[in-house]
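Chemist: Please find one structure pasted underneath; my questions will follow.
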Amino acid sequence: MLSVENIDLSYGASQALRGVSMTAEQGKVTCVLGRNGVGKTSLLRAISGRHGIAAGKVMWQGQDVSKLRPDARAQLGVATVPQGREVFPLLTVRENLETGFSLLPRSARTIPDAVFELFPVLAEMMNRRGGDLSGGQQQQLAIGRAMVTNPRLLLLDEPTEGIQPSIIKDIGRAIRFLREQGKIAIVLVEQFFEFACELADSYAVMDRGRIVLAGAAGDVDEAEVRRWMTV
Amino acid sequence: MKETQLYLNDVHRAFDGYKAINGLSLVIARGELRAVVGPNGAGKTTMLDIITGKTRPDTGDVYYNGTIDLTKTDEASSSRLGIGRKFQKPTVFETHSVEENIMLALAGPRGVAATLFHRTTRAQATRIDELLETVRLGSERRRLAGALSHGQKQWLEIGMLLAQEPQLLLVDEPAAGMTDAETMRTAELLRSVAGERSVVVIEHDMEFVRALDCKVTVLHRGAVLAEGSLDHVSANPEVVEVYLGR
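In order, the protein sequence lines correspond to chains A and B.
The opening position of the first sequence corresponds to residue 4 in the numbering used here, with each subsequent residue numbered one higher.
The opening position of the second sequence corresponds to residue 5 in the numbering used here, with each subsequent residue numbered one higher.
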């Protein structure tokens, strides 16, 4: 289980997170929603360790990982699918997937079949360069790459942004598949409300660097969530 | 009818086939305060790039003060025309004092001789006092800019822009990273400086936009989707749809 406790995060003097607390459980999808610039990506950065926190704690499976570097957190099963995908444009699809091997013991270095079952297009494109893929294919590759690391906490940052509807469906299916396996806690940052609603087991809605609304999907008033997401 | 400060008509701009600005028309009256909002990729920053001559539109008209064609100017000349732009991150001279930052920004000749033999005149000293008063940094004037809080740095930079005597001030997400009190103070500041000049503010923070209490333009896919009071646009179902990602 992930438990973020009262964290602050700043970029220089500019404060992006103010006393944020949230949790994410194994086998559940926790959706982080909110408008632009409210701190969603900063929250993911604090969890993955890509940006240090100024106060509070990030607890992962009972351990305080606040001070750990991102690679050490990755060793503990934290995987990120960043906004904008960040695939290596000059590496092939195969090589991109294999970058996930660095976290695995030599004997476990295989690409899970599930990656190709969920995203058959990756199998067809194994020898193409990452940069030559369409945006949607790159998104699938980024999710596949995270899956290779055998994650226990998967952080997805707006995986539907700028992606065509058919691929959005594939991505939704992949997230559902990972949830049903029950081993992974999934934190999904989204601005696509309906996509998030279909997947969410619980919500954390942000505004101005704070959590303004949180709870299980059944308990949270959808109209209230929408109000925080629109102008 | 008030005089027009800025006029954009059917502006288009594509990057590698991606239509960042797609039929944008916008009129800002002289002295007006306007908030521009919109989801990611709506074209807000590209719009500012076009107004300041950083990017040229493919087609369309962009006029300033009625007759000046902004599609033919570059960034330096747009600044000389009285268009001031505040980028999102504060960019002040951190190792100079607050006062010196304002002094460096004062409008005036910038030639070698003028710079070498510069003496601060009484009029300039008065102007610096006024500007520090406006941005409420009078008591901080001798502090190093680098020691200011994030909000204070943003105000100092707004003061520096005002020192250039702009007619049109473009401000990109000033409230990001500010405390609640700083955010409200910034809204007050921008309201107070509009009127003498036109101010266009891009912002995501809705509490801040509400505090600006001005006409709001919603951009989406490079064009205006809705315009009016904040209550008017937030009641618009199309606006709600684009914010929910549909």
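Don't be surprised by glycine CBs; every beta carbon is placed ideally from N, CA and C.
Closer than 7 Å by beta-carbon distance: list the chain B residues that pair up with N39 (chain A), in chain order.
Modeler: Correct list: P43, N44 and H208.
Chemist: Assuming the contact rule is C-beta atoms closer than 8 Å, L141 (chain B) and Q128 (chain B) should be a hit. Round their C-beta distance to whole Å, please.
Modeler: 17 Å between Cβ atoms; not a contact.
Chemist: For L173 (chain B) versus L52 (chain B), is the C-beta spacing smaller than 8 Å?
Modeler: no
Chemist: P266 (chain B) and I25 (chain B): beta carbons closer than 8 Å?
Modeler: Residue coverage of chain B in this structure runs from 5 to 250, which leaves residue 266 (chain B) outside it and unanswerable.
Chemist: Going straight from the alpha carbon of A151 (chain B) to that of R21 (chain A), what length do you get?
Modeler: 21 Å
Chemist: Candidates B:A198, B:H208, B:G86 and B:Y67: which alpha carbon is nearest P43 (chain B)'s?
Modeler: B:H208
Chemist: In angstroms, rounded to a whole number, what distance separates the CA positions of F196 (chain A) and E227 (chain A)?
Modeler: 12 Å
Chemist: Taking Cβ positions, are V139 (chain B) and L193 (chain B) nearer each other than 8 Å?
Modeler: yes
Chemist: Is there at least one Cβ from chain B nearer than 8 Å to V234 (chain A)'s Cβ?
Modeler: yes
Chemist: Using the rule of at least 16 other Cβ atoms within 10 Å of the residue's Cβ for burial, across every protein chain shown, is P113 (chain B) buried or exposed?
Modeler: P113 (chain B) is classed as exposed because its beta carbon has fewer than 16 other beta carbons within 10 Å across all chains shown.
Chemist: Does DSSP classify G199 (chain B) as helix, strand or coil?
Modeler: coil
Chemist: Candidates A:D160, A:E164 and A:V32: which alpha carbon is nearest S205 (chain A)'s?
Modeler: A:V32
Chemist: Between T125 (chain B) and R131 (chain B), what straight-line distance do the alpha-carbon atoms span, to the nearest angstrom?
Modeler: 10 Å
Chemist: Flag this pair as touching only if the stretch 63–71 of chain A and the stretch 15–24 of chain B have three or more C-beta atom pairs under 8 Å; answer yes or no.
Modeler: no
Chemist: Please identify the residue among B:A230, B:V203, B:F212 and B:D176 whose C-alpha is closest to the C-alpha of L10 (chain B).
Modeler: B:V203
Chemist: By Cβ distance below 8 Å, which residues in the same chain neighbour L100 (chain A) in space, the five residues on each side in sequence not counted?
Modeler: If we look at L100 (chain A) and ignore the five residues flanking it on each side, its Cβ neighbours are I114, V118, L125, L144, G147, R148 and V151.
Chemist: Would you mind working out which of A:A203, A:R211 and A:T233 sits nearest D222 (chain A), comparing C-alpha positions?
Modeler: A:A203
Chemist: Return yes when the Cβ of V102 (chain B) is within less than 8 Å of the Cβ of L160 (chain B), no when it is not.
Modeler: In this structure, L160 (chain B) sits near V102 (chain B), with a CB-CB distance shorter than 8 Å.
Chemist: Contact criterion: CB-CB distance below 8 Å. Does K157 (chain B) meet it with respect to chain A?
Modeler: Contact with chain A is found for K157 (chain B), since one of that chain's Cβ atoms lies less than 8 Å from the residue's Cβ.
Chemist: How would you write the range of the beta strand (DSSP E) that V31 (chain B) sits in, first residue to last?
Modeler: Y22 to A33
Chemist: What separation, rounded to the nearest whole angstrom, lies between the Cα atoms of A75 (chain A) and G55 (chain A)?
Modeler: 14 Å
Chemist: Can you pull the DSSP bridge partners for H224 (chain B)?
Modeler: B:A227
Chemist: Counting only C-beta atoms, is V175 (chain B) closer than 8 Å to chain A at any point?
Modeler: no
Chemist: Just to confirm my understanding: we take D279 (chain A), look at its own chain, exclude 5 residues before and 5 after, and list those with CB closer than 6 Å. What are they?
Modeler: Because chain A in this structure spans residues 4 to 234, residue 279 (chain A) falls outside the shown range and cannot be described.
Chemist: Might you give, ordered along the chain, the residues of its own chain that have their beta carbon closer than 8 Å to the beta carbon of I187 (chain A), omitting 5 neighbours on each side?
Modeler: Within the same chain, Q29, G30, P154, R155, L156, L157 and L181 come within 8 Å of I187 (chain A) by CB-CB distance, once the 5 residues on both sides are set aside.
Chemist: May I ask whether a heavy atom of the ligand SAH can be found less than 7 Å away from the beta carbon of A227 (chain B)?
Modeler: As far as ligands go, the structure on display features none, and thus does not contain the ligand SAH.
Chemist: Could you tell me whether any Cβ in chain A is nearer than 8 Å to the Cβ of A3 (chain B)?
Modeler: Since the displayed chain B opens at 5 and closes at 250, residue 3 (chain B) lies outside it and no answer follows.
Chemist: Starting from S2 (chain B), follow the beta strand (DSSP E) in both directions and report where the run begins and ends.
Modeler: Residue 2 (chain B) falls outside the range modelled here, since chain B spans only 5 to 250, and no answer is possible.
Chemist: So that I know if they touch, is there some Cβ in chain A lying closer than 8 Å to that of S82 (chain B)?
Modeler: no
Chemist: Along chain A, in chain order, which residues have C-beta atoms closer than 9 Å to that of V237 (chain B)?
Modeler: V234
Chemist: Between which residues of its own chain and D210 (chain A) is the CB-CB distance below 8 Å, once the five residues before and five after are set aside?
Modeler: Around D210 (chain A): G37, R38, V41 and W231.
Chemist: In or out: Y22 (chain B) buried (at least 16 other Cβ within 10 Å) or exposed?
Modeler: Residue environment analysis places Y22 (chain B) among the exposed positions, since fewer than 16 neighbouring C-beta atoms fall within 10 angstroms of its C-beta.
Chemist: Closest to G47 (chain B) by C-alpha separation, out of B:E144, B:E79 and B:D176, would be which residue?
Modeler: B:D176
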